[in-house]
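The structure appears right after this line, and notes come after that.
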Amino acid sequence: MRHHAVLLFSLLFLATGCITPRAINEADAHKKMGLAYIHDRNDPAAIGELRQSVKKNRWDEEAWQLLGLAYFSYERYDEAEAAFFRALKLKPDFAQVHVNLGSLYIQNGRFDDAVDVLQTAVDNAEYREPARARHNLAYALFSKGDLPEARKLYVSVLRSFPQFCPGLHGLGMVDEAEGLLTDALGRYRQALECDPRDLKVRLSLGTVEARLDLLANACENLAMVKEADPYGDLRSDAATLLERLDCEAVSRL
494 MRHHAVLLFS
504 LLFLATGCIT
514 PRAINEADAH
524 KKMGLAYIHD
534 RNDPAAIGEL
544 RQSVKKNRWD
554 EEAWQLLGLA
564 YFSYERYDEA
574 EAAFFRALKL
584 KPDFAQVHVN
594 LGSLYIQNGR
604 FDDAVDVLQT
614 AVDNAEYREP
624 ARARHNLAYA
634 LFSKGDLPEA
644 RKLYVSVLRS
654 FPQFCPGLHG
664 LGMVDEAEGL
674 LTDALGRYRQ
684 ALECDPRDLK
694 VRLSLGTVEA
704 RLDLLANACE
714 NLAMVKEADP
724 YGDLRSDAAT
734 LLERLDCEAV
744 SRL
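Following the numbering used here, the numbering of the sequence shown begins with 494 at its first residue and continues without gaps.
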């Protein structure tokens, strides 16, 4: 009888998915190493550590979301989405995962899906970065071509967080898309003052300066982007505009 009781307990232990404290500690150690590798931008090492973490403790939603981030950064998008889904299965109201999943969908041009998951994050009153969620939702709406709704969201972000630099850039993009170039110029200048290191803002500023025939300023900003991003897409965009503007001729004037 005692043998049967022990066997029954063991079966129940396995069925309920319990794990030992030792396994939890080992999983946490792998998770901490994975997070450190994410910060170091060592995606393969992060993925290896975090896969070990979820292997030892598959009920840790934070480890799944970190694994999703590592896959996302490594451009393994299907695996990132699957990891994010596992995190949400464990914790359906995990707002940070909704935001990360929205970013993944934006990256892949799935703007309708991005709007859906980002709206969930925006509606979560406990999320600690509401400006980020609303900004990302505004960008998804902007990318869909819904400029009025994008503007409303960007304005709402800036009313609550006036120095949220990406919001200034986003509102400038809406202005530019609607043909309000002078307004866009002012927004981009504000955004660049807010974060002088943001090359995307500097590229936007140089582009709208070129459209407004502020050629010397445009050439200066575009040249800075080209120099600061020697191997990226921003460099290519800046170089194309610089060639079109014939900035060498402008510098001789």
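We put the beta carbon where it would ideally sit given N, CA and C, even for glycine.
A distance below 6 Å between beta-carbons, with the five flanking residues on each side excluded, links residue 718 to the following residues of its chain, in chain order: 692, 695, 696, 727, 731. Within the region 684-710, complete alpha helix (DSSP H) segments of at least 4 residues are found at 692-704, given in chain order.
About 13 Å separates the CB atoms of residue 685 and residue 715; that is not less than 8 Å, and the two are not in contact. Looking at the backbone, the Cα of residue 646 and that of residue 514 are separated by about 45 Å. CA-CA distance, residue 624 to residue 742, rounds to 43 Å. Leaving aside the five residues that flank residue 562 on each side, the residues in its chain whose CB is nearer than 7 Å to its CB run, in chain order, 531, 593. Burial check for residue 568: the Cβ neighbour count within 10 Å stays below 16, so the residue is exposed. Nearest neighbour of residue 640 by Cα position, chosen from 552, 602, 558, 671, turns out to be 671. Residue 699 and residue 711 do touch by the CB rule: their CB atoms are close to 5 Å apart, below 8 Å. Between the C-alpha atoms of residue 729 and residue 545 there is a straight-line separation of about 39 Å. If the five residues before and after residue 687 are omitted, its C-beta is found closer than 7 Å to the C-beta atoms of 656, 658, 661, all from its own chain and listed in chain order. Shown here, residue 733 sits in a helix according to DSSP, grouped into three states.
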